Amino acid sequence: MGVMFILIIASLVVASGFLLAFLWAVKSGQFDDTATPSMRMLMDDTKPQRTQQQSDKSENPTN
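Residue 400, in my numbering, is where the sequence shown stops; the numbers in between run on with no holes.
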């Protein structure tokens with residue numbers, strides 16, 4: 338019977354730890370924007386700037 342009390346107390350300590358971690362995450366803003374990260378991979382990347390050498394090659398092909 339004594340083991341059950343220890344297990345109940347241990348489970349309450351673990352549950353309160355999870356509750357504190359959840360409350361800390363909410364307070365620090367971890368769940369503020371849940372839509373943008375899932376759409377970030379669908380957004381276009383910025384185009385790399387062309388260097389002078391690349392623009393010369395595209396204007397004057399050597400074929």
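Every residue, glycine too, gets a C-beta built ideally from N, C-alpha and C.
Here the structure is a predicted model, which means the values were calculated and not measured.
What residue does the alpha helix (DSSP H) around residue i start on, and which one ends it?
i	result
S284	The structure shown does not extend to residue 284, since the chain is modelled only from 338 to 400, so the question has no answer here.
F359	339 to 364
How long is the line joining the alpha carbons of residue i and residue j, rounded to whole angstroms?
i	j	result
L349	S365	24 angstroms
A352	V363	17 angstroms
L357	Q386	47 angstroms
R377	A347	41 angstroms
D369	G339	44 angstroms
Is there at least one Cβ from chain B nearer than 8 angstroms to residue i's Cβ?
i	result
D369	Judged by its chain identifiers, the structure shown contains no chain B, having just a single protein chain.
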